[in-house]
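Q:
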Amino acid sequence: MEFPGVATPVSRVVQGAIGLFVLDDPARFAMLDAAVDAGINAFDTAVNYAFGGDGVDAILGRWVRHRGGRDGIVFFAKGCHPKLPHWDRPRVNPEAIVEDIDLSRRQIGIDQLDLWMFHRDDPAMDISVLVEAVNVAIDRSHIGAWGVSNWTTARVEAAVEYADAHDLRGPVANSAHWSLVDQLDEPWADVVTLTGAHRAADRAWHQERGIKVVAWSPLAGGFLSERIGRNELESATEGHLADTARCYLNDENWARWERAAEVARWHGLSLSQVALAWALHADFQPLVIVGNASVEEVEQSTAAERAELTAAEVEYIFSG
């Protein structure tokens, strides 16, 4: 897939960050190398993706040095997320843009980030200030292109219009939630989903304007996995399962779960693979971020991309 400002065509399956934390460096490098060999060349990271003194930027940097270079590899980096202990204090401003872009570049050990995205928005910040500031980073060749994550369509549209009116580079991507099941509640504060009938106009706008959607949580926090049963979700009172139930469990979503599992059996695939294939099949041609944590999971994700669902199967899974 082509992104304006990104020199290398980008795979529609993007390797996510979360799986990297459960591995040591040899296993990480083997899995990341396998991803490249399988055709995944895009890697998602963010300055706040860090745990126990190590972060995804640094992990990817060690991997690049292990490989001996980054030829053909595309980095999707994010910044301007609030920082602990002030998790509720916005950091969407020109100073944070410079700070976080420089930090990611330094930790990965590269001169330019292919695509840099605002991780959150601050609606109180004038859109002109943000568009101007991120264009400075492009002019300095610190980033190739820019986008957003968890911005409303209205704010993305305002950024596009300001950039067009002032001969500046506008956003080329929006990382939002997209999956087979509707998001019923926010997993975290201030996140944006494109699921649901009432967001059809938002999805159509992205397609019309050519803004690529980079979908996070296409498996809906693990909801779209045969490893989690409805009884487990209904009985969960705390932790990840309770959050997944709160955000995704209702009769309509579970019916989609069951139909997707049925179609998966027809194709000899897993439910998760069919859920990924369904998400990739959308008219607006999203990319999907997948948290592969093993070579086997890489193989499963790329097989999902190759899965050929018919239009009738896609419709059946969604609405019966």
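Under our numbering, residues 74 to 393 are what the sequence shown spells out, in order.
The beta carbon of each residue, even a glycine, is placed where N, CA and C say it ideally should be.
Just so we're clear, the structure is a prediction, and the values are computed from it rather than from any experiment.
1) Thinking C-alpha only, which one of 85, 83, 102, 377 is nearest residue 92?
2) For residue 374, I'd like the list of residues in its chain whose CB is within less than 7 Å of its CB, leaving aside the five on either flank, ordered along the chain.
3) Let's see if you can read the secondary structure: which residues bound the alpha helix (DSSP H) around residue 247?
4) Looking at the C-beta of residue 155, does it have a partner C-beta in chain B at a distance below 8 Å?
5) For residue 81, does the three-state DSSP call read helix, strand or coil?
6) Cutting at 7 Å between CB atoms, please list the residues of its own chain near residue 162, excluding the five before and the five after it.
7) Around the C-beta of residue 105, are 16 or more other C-beta atoms found within 10 angstroms, so that it is buried, or is it exposed?
8) CB residue 347 to CB residue 353, shorter than 8 Å?
9) What residues in its chain sit with their C-beta under 8 Å from that of residue 396, if we drop five residues either side in the sequence?
10) Comparing alpha-carbon positions, which option in 170, 143, 191 lies nearest residue 209?
11) Take the Cβ of residue 256 as the centre, count every other Cβ of all protein chains shown within 10 Å, and call the residue buried at 16 or more, exposed below.
12) Between the alpha carbons of residue 344 and residue 284, how many angstroms are there, rounded?
13) Could you tell me the distance, in whole angstroms, from the CA atom of residue 334 to the CA atom of residue 298?
14) Return the CA-CA distance between residue 306 and residue 269, expressed in angstroms with no decimal places.
15) Go to residue 104, then tell me how far its alpha helix (DSSP H) extends in each direction, as first and last residue.
16) Report all residues from its chain with a CB closer than 8 Å to the CB of residue 132; omit the five preceding and five following residues, and keep chain order.
17) At what residues does the alpha helix (DSSP H) containing residue 391 begin and finish?
18) Please state whether the Cβ-Cβ distance between residue 317 and residue 341 is less than 8 Å.
19) For the alpha helix (DSSP H) holding residue 278, just list the boundary residues, first then last.
20) Residue 189 and residue 142 - do their beta-carbons sit closer together than 8 Å?
A: So, from the data block:
1) 102
2) Here the set comprises 86, 349, 363, 365.
3) From DSSP, residue 247 is part of no alpha helix (DSSP H) but of the beta strand (DSSP E) over 246–248.
4) The displayed structure is made up of one protein chain only, and chain B is not part of it.
5) The answer is coil: DSSP assigns residue 81 none of H, G, I, E or B.
6) 155
7) buried
8) no
9) Residue 396 falls outside the range modelled here, since the chain spans only 74 to 393, and no answer is possible.
10) 170
11) buried
12) 28 Å
13) Rounded to whole angstroms, residue 334 and residue 298 show a C-alpha spacing of 9 Å.
14) Approximately 21 Å, taken between the alpha carbons.
15) 98–110
16) 93, 98, 101
17) 384–392
18) no
19) Unbroken alpha helix (DSSP H) run through residue 278: 273–282.
20) Contact: no.
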